[in-house]
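There are 2 protein chains.
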Amino acid sequence: MEGSAKRPRTRIQSEKRDVILDAALDIFSANGFRGSTVDQIAEAAGMSKPNLLYYFRGKEDIHESLIKQLLDTWLAPLREMDEQGDPMTEIRSYIRRKLEMARDFPRESRLFANEILQGAPRTMPILEEELKPLVDEKAAVIRDWSRAGRIAKVDPWHLIFSIWATTQHYADFDVQVRTVLGPDRGGDGRFEDAARFLEQLYLDGLRVRN
Amino acid sequence: MEGSAKRPRTRIQSEKRDVILDAALDIFSANGFRGSTVDQIAEAAGMSKPNLLYYFRGKEDIHESLIKQLLDTWLAPLREMDEQGDPMTEIRSYIRRKLEMARDFPRESRLFANEILQGAPRTMPILEEELKPLVDEKAAVIRDWSRAGRIAKVDPWHLIFSIWATTQHYADFDVQVRTVLGPDRGGDGRFEDAARFLEQLYLDGLRVRN
DNA sequence: CTAACGTTTGTCCATTCGGTCAAATTTCAA
DNA sequence: TTGAAATTTGACCGAATGGACAAACGTTAG
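Here the protein sequences come in this chain order: A and B.
Each residue of the first sequence is one higher than the one before, starting from 1 at the first, in our numbering.
Each residue of the second sequence is one higher than the one before, starting from 1001 at the first, in our numbering.
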């Protein structure tokens, strides 16, 4: 009667679960849920399919674990936005952190994008219970900054959306971005260029006009 | 020896192809390529699978037709951006048109997003041959505006990316947007709110600073 | 050493999916 | 009206896929 203690117990279980989740992130983010096969994941994880299914109940189980693990990391930058800090500094830091995540964790971004694009069939509850409250809270903070005249008067929700969109774009639409920029401008420097552009756009776009 | 004249000939062929493409747009945009089945498309189109395959060679063929048909519509707003016009007016119009497309043609946006997310396996040639040249051309226009001091000095490519990202976000991440905004703010008015926010952001963000 | 437990895999199964085919039905020009 | 061409469909096929299972293999505590 010890509830449902499903966490890994042995050393091997813990290690193998991590290997599987990493492999699954590769596959799911590149092919979407339905476009990915358990065989692909197993091969990427360096084990047989039945072996993989020894550690996870099934394909959905793996995906669910990934999504749950993802959202904490994903929302961290927004959580860090500090009501007590300087508004422009806080917003600039938020943009920079989100852009760094697009650069350093593109797989996570694409996994999430895939899920939302398909109508969030497996993620809707988390959006309502975790994402919405957090955004509401931070939107209120931005609204207060706005009312206090510390940044321009803008719609906080759409400001947040625009920051999500512009930063995640570099992960989700990476192929397009690199194709359009070409070999020269599309190298590693594209993230610095993007950072410069976005900083300027939001710095001037949110500055209080006199 | 009349080449490969594959266009529909009879009235029925023309009509049925349209019906199929519309149904396929529903299914593909909602489930992605691999997540969609020919049976689903056939049912949505109100016909049997073999009947559908009488009009198209196969699943890939339908998808290819959709993508080709899509890109013309999709790039039209950027094509309309006029070098001779007033820079701020042109950019504002471009943003408005892109946002209207996100509102009126969300299926097209999601179809495209799905394709790019998966690494554009079926679209890469079109990106290189159609999209890149067009963006290069318009980026040069914006760069000239920028150099002439008619808008702020910004990276033209990343400006275009940010406009794509912010506008398409309302189609591609619609579920998330509506969930976060909630029933009140997430109604039909969300596009007007977005338009107001984006106009202000880019108006001030691109204004020449003195 | 060895029994018990944890781990791994070959094999198999039911279902789904993209696609084929021949036969049946409908359309339409002469 | 009529017959040839266009259209539609039920039945079927091979491959892919998610998953089950029992047997085999490893590990380790006593």
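Ideal Cβ placement from N, Cα and C applies to all residues, glycine included.
- Counting only the Cα atoms, A/Pro121 lies some 33 Å from A/Ala195.
- Taking all protein chains shown into account, B/Gln1069 has fewer than 16 neighbouring C-beta atoms within 10 Å of its C-beta and is therefore exposed.
- Among the residues of the region 42-62 of chain A, none has a Cβ less than 9 Å away from any Cβ of chain B.
- Just so you know, the alpha carbons of A/Ser36 and A/Ile62 end up roughly 12 Å apart.
- Taking a C-beta distance under 8 Å as the contact criterion, A/Tyr54 and A/Arg17 do not qualify as a contact pair.
- The region 1084-1091 of chain B and the region 1145-1164 of chain B touch, with three or more beta-carbon pairs separated by less than 8 Å.
- Looking at the backbone, the Cα of A/Asn31 and that of A/Ala171 are separated by about 15 Å.
- If only complete runs of 3 or more residues are kept, the region 1082-1155 of chain B shows no beta strand (DSSP E) anywhere.
- For A/Thr37, no alpha helix (DSSP H) run applies, since DSSP gives it neither H nor E.
- For A/Gly205, the secondary structure class from DSSP, reduced to helix, strand or coil, is helix.
- Sequence-distant partners of A/Val19 (beyond 5 residues in either direction) whose C-beta falls short of 6 Å from its own C-beta, in its chain, are Ala45.
- Under the three-state reduction of DSSP, A/Ala30 is assigned to helix.
- Residues of the region 1012-1030 of chain B whose Cβ lies closer than 9 Å to any Cβ of chain A, in chain order: Ser1029 and Ala1030.
- No residue range can be given for B/Ser1048, since it is assigned to no alpha helix (DSSP H) and is classified by DSSP as neither H nor E.
- The residue among A/Glu100, A/Thr10 and A/Leu21 with its C-alpha nearest the C-alpha of A/Leu111 is A/Leu21.
- If you ignore the 5 residues before and after A/Arg97, its C-beta comes within less than 6 Å of the C-beta of Pro77, all in its own chain and listed in chain order.
- If you draw a 10 Å sphere on the C-beta of B/Ile1095, you find 16 or more other C-beta atoms in it, and that means buried.
- At a cut-off of 8 Å between beta carbons, B/Gly1085 makes no contact with chain A.
- For B/Thr1179, the enclosing alpha helix (DSSP H) starts and ends at Asp1174 to Arg1185.
- Between B/Val1175 and the set A/Glu128, A/Gln168 and A/Ile163, the nearest pair of CA atoms involves A/Glu128.
- Taking CB atoms only, B/Val1175 has a neighbour in chain A less than 8 Å away.
- Among the residues of the region 1138-1159 of chain B, those with a Cβ less than 8 Å away from any Cβ of chain A are Ala1152, Val1154, Asp1155, Trp1157, His1158 and Leu1159, in the order of the chain.
- Judged by DSSP secondary structure, B/Arg1079 falls within the alpha helix (DSSP H) whose first and last residues are Lys1059 to Glu1080.
- Of all residues in the region 111-135 of chain A, only Ala113, Asn114, Ile116, Leu117, Gln118, Gly119, Ala120, Met124, Leu127, Glu128, Leu131, Lys132 and Val135 place a beta-carbon less than 8 Å from a beta-carbon of chain B.
- Those residues of the region 174-196 of chain A placed with their C-beta closer than 9 Å to a C-beta in chain B are Asp174, Val175, Gln176, Val177, Thr179, Val180, Leu181, Gly182, Arg185, Arg190, Asp193, Ala194 and Arg196, ordered along the chain.
- Only buried fits A/Glu108, as 16 or more other CB atoms lie within 10 angstroms of its CB.
- Against chain B, a Cβ distance below 7 Å from A/Phe161 picks out His1169 and Val1177.
- A distance of 8 Å or more separates the beta carbons of A/Ala102 and A/Gln200.
- C-alpha of B/Val1180 to C-alpha of A/Gly189: approximately 33 Å in a straight line.
- With respect to the 8 Å criterion, B/Leu1052 and B/Ile1067 are not classified as neighbours on the basis of their beta carbons.
- The three-state secondary structure of B/Thr1010, taken from DSSP, is coil.
- The three-state secondary structure of B/Phe1056, taken from DSSP, is coil.
- A/Asp172 has a beta carbon lying within less than 8 Å of a beta carbon in chain B.
- Looking only at A/Lys153, A/Thr73 and A/Met81, the smallest Cα-Cα distance to A/Phe105 is reached by A/Thr73.
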